[in-house]
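The block underneath contains the structure these notes are about, expressed in structure tokens.
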Amino acid sequence: MTTTKKAPKYQKIKQYVLQGIASHNFIDGVPSENQLAEKFAVSRMTARRALDDLEREGSVERIPGKGTFVRRSGHYTQGFFRVRPFRKWAEDLGADLRTEVLESRVVDPPEEIAETLRYSGQMIRLCIINYLNDMPVRYAVRYLRADQCADILWENLAENSIHDILINKYRLPLTRISQCMTAVGLPENLSDLFGEKPGYPVFYFQRTVYSCESPVTYVEYFMRGDMAFKDTFTPMLEAGDFHPETS
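Residue numbers (the UniProt record's numbering): 1 to 247.
Written as structure tokens, this is what we have:
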């Protein structure tokens, strides 16, 4: 009788991470040693071996005190759809950034938000506006799970990036993003905030951010339609997207 030898568990972990990177489920961060050890019911040493191998092979980059991240070329990004601190966009434009927190409280979430975040408990609701050179540019309404992020109520969000806090302080690697963007007219209830008439052109973003397999935060952005950001990115093309007779 011939028996089939099972693949070592650290190899299964490597394959899981590589598949997550290839499918764009892991965009920036990848699961931590603890998260992988728990998911695959192995020791942290086994999970560490898998991540060490992936780092040697050039698939990931491990930053002490911050986590493990997908390794990327230093010359390319994923365009404006990537998660990036807003201060970086301000720096690109040579503009002075000012952030104002308009609302920060615990709420019972609307039903659709609870469904999006797969969580029926209380949430943190944040309303934040960003100014560039004192011009209102972006307004955000954000929901975060209170069981994971309640302490964010005491953070200085006027000075610190929410995503920096989630990644570096709360140890929640941002591994996947689901997002859509639509060109819309400025809602009437935001016209005074932007200093523009209702119907003024704005971009409307709806974004859900995941840590591993779990949604952590949902945010809606309204951004002035006359803002432009220059970026360089690697186009995500699949085999067969272009054909000689049609390209």
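We put the beta carbon where it would ideally sit given N, CA and C, even for glycine. All values reported here derive from a predicted model rather than from experimental measurement.
Quiz item: Less than 8 angstroms separating the beta-carbons of Thr-99 and Asn-130?
Solution: yes
Practice problem: Per DSSP, which residues does Tyr-10 bridge with? Please list them. | Solution: Answer is none; Tyr-10 lacks a bridge partner.
Exercise. Within its chain, find whatever has a CB closer than 6 angstroms to the CB of Cys-127; leave out the 5 residues flanking it on each side and keep chain order.
Key: Leu-102, Glu-103, Val-141.
Quiz item: If you scan the segment 128-199 from start to end, which runs of the beta strand (DSSP E) of 3 or more residues do you find wholly inside it?
Solution: 135-145, 176-185
Self-check item: Burial state of Arg-125, where buried means 16 or more other Cβ atoms lie within 10 Å
Solution: buried
Quiz item: What does Leu-126 pair with, by DSSP beta-bridge criteria?
Solution: Ser-104, Arg-142
Practice problem: From the DSSP output, read off the bridge partner residues of Met-223. | Solution: Its beta-bridge partners are Arg-138, Phe-203.
Quiz item: Taking just the CA atoms, how far does Leu-117 sit from Val-216?
Solution: 7 angstroms
Exercise. Ignore the nearest five residues each way along the sequence and tell me which others in Met-227's own chain have a CB closer than 7 angstroms to its CB.
Key: Val-137
Quiz item: Since Leu-97 sits in a beta bridge, which residues does DSSP pair it with?
Solution: Leu-132.
Exercise. Could you check what DSSP says for Gly-58 in three-state terms: helix, strand or coil?
Key: coil
Self-check item: Ser-161 versus Tyr-210: straight-line alpha-carbon distance, rounded
Solution: 17 angstroms
Exercise. Using the Cα positions of Tyr-119 and Leu-172, report the straight-line distance between them to the nearest angstrom.
Key: 17 angstroms
Quiz prompt | Contacting residues, own chain, Cβ-Cβ under 6 angstroms from Thr-68 (five flanking each side not counted) | solution = Val-30, Leu-51, Val-60, Arg-62
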